[in-house]
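Worksheet for the structure shown next.
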Amino acid sequence: MSDPQAEKQLEAYLAQVRRHLLPLPAEEAREAIDELRSHVRDRAGGAGLTPETVAAALTALGDPRSLAGLHLAERAAVRAETHRQPWRVLAATWRLAGFSLGAAWTLLVSALGYVTGLSLMAAALLKPILPNNIGLWVQPSADDDISFSIGRSNAPIGPEVLGWWIIPIGLVLGGLILFLTWRFSLAGLRRLGRGWAKILS
Amino acid sequence: MSEADDDLVSLDRWTVQLRKGTLGLAVLASLWGGRLYGLEILRRLEADADLTVPEGTIYPLLNRLKRDGLISSEWVEAEGGHPRKYFTLTEAGRRRAAEMAQAWGRFAAGLDAMLTPMRQEQNR
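So the protein sequences, as listed, match chains A and B.
Count along the first sequence from 1, then add 516; that gives the number in the working numbering.
Count along the second sequence from 1, then add 909; that gives the number in the working numbering.
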């Protein structure tokens, strides 16, 4: 009953949507595509799929990337509410980073934050084990500017300024940065999810 | 943009917010009488509530309601051969719809009371 040309048109569109749904689990993406296929067939009605009915349906559904974006944003919103642990938030942001510039930016900043926070905490924890290699050294450079280095160094140059203070400073500052990075990444995920609510207009 | 255009834009924005706030209730209400599939829900919203929803947005919204446990879905073979996804209110969905409808009724009654003097003046 349906025009093969029209079927091809529909499947080509759905393939594009499917590509943009890659961040979703396969089962969810498949379900979303099946829903859309059924929707277009319902819209075409008893006459079956024709190039005209398919074109009208696809125009009404809109651009495949935006359509896929609705599903991704909805998932981000749900994740932000149900999975708040730092690694889950990071994993969810990672999945969305390929789709959204906002997510990519959030991922980058979060990665920097986690690395910085973990480095500071690692320095604090390693100090008792490697007291001469962990610290903050002031290294006067040739131009009389002061440059700093922090962390594990096999051949430290210049005076070390923190001593054992690096332990509480590293733990507190590192912990604070980790906490703030977690909140930042959670807020980023929520922002992505709110974008989905905006689309209902 | 002229002042008139600005007014139109902010009225539009307000209307959009209003629709966003009530869309969930409208979808649950559409399912009160029995199961419907996606396109039927869209048409019911348009016909009964003058709510035009962009077609692509209905399915993520329905997924959200399903995740919240308010509706359930099942695929059914339709006449013509293609499978159709029907949505039904769950018990929790019926309770929530009733609660939301009550809250909406109270809110609308209160707002209507406030608007009466304004309407009377406009009708004079």
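Beta carbons: idealized from backbone N, C-alpha and C, even for Gly.
{"query": "For K975 of chain B, report the span of its alpha helix (DSSP H) as first-last.", "result": "I967 to R976"}
{"query": "Residues of chain B with CB under 7 Å from A718 of chain A, in chain order?", "result": "No answer is possible for residue 718 of chain A: it lies beyond the span of chain A, which begins at 517 and ends at 717."}
{"query": "Run through chain B and tell me which residues come within less than 9 Å of A619 of chain A, C-beta to C-beta.", "result": "Ordered by position in chain B, no residue passes the 9 Å Cβ test against A619 of chain A, which lies about 17 Å from the chain."}
{"query": "Output yes or no for whether 8 Å exceeds the beta carbon distance between Y968 of chain B and A548 of chain A.", "result": "yes"}
{"query": "Assess contact between the region 570-590 of chain A and the region 996-1012 of chain B, defined as three or more Cβ pairs (one per stretch) separated by less than 8 Å. Is contact present?", "result": "no"}
{"query": "Sort out for me which residues DSSP pairs S981 of chain B with in a bridge.", "result": "B:T997"}
{"query": "Against G943 of chain B, what residues of chain A qualify as contacts under a CB-to-CB distance less than 9 Å, listed in chain order?", "result": "What G943 of chain B touches in chain A: nothing, since even the nearest Cβ is about 17 Å away."}
{"query": "Would a check of beta-carbon distances place G1019 of chain B closer than 8 Å to chain A?", "result": "no"}
{"query": "Whose C-alpha, out of B:L937, B:W941 and B:D959, is nearest the C-alpha of T924 of chain B?", "result": "B:D959"}
{"query": "So that I know if they touch, is there some Cβ in chain A lying closer than 8 Å to that of N1032 of chain B?", "result": "no"}
{"query": "Comparing the C-beta of L530 of chain A with each C-beta of chain B, is any distance below 8 Å?", "result": "no"}
{"query": "Using a cut-off of 9 Å between C-beta atoms, extract the partners of A548 of chain A located in chain B.", "result": "Y968, P969 and N972"}
{"query": "Counting along the chain, where does the alpha helix (DSSP H) carrying V950 of chain B start and finish?", "result": "According to the sequence provided, residue 950 of chain B is Ile. The question's Val does not apply to it. Counting along the chain, the alpha helix (DSSP H) containing I950 of chain B begins and ends at G947 to A958."}
{"query": "Between the Cα of W603 of chain A and those of A:A593, A:A576, A:T566 and A:L623, spot the shortest distance and give me the residue it belongs to.", "result": "A:L623"}
{"query": "Are at least three pairs of beta-carbons, each pair with one atom in the region 598-612 of chain A and one in the region 567-575 of chain A, less than 8 Å apart?", "result": "no"}
{"query": "By the three-class DSSP mapping on this structure, what secondary structure does P644 of chain A have?", "result": "coil"}
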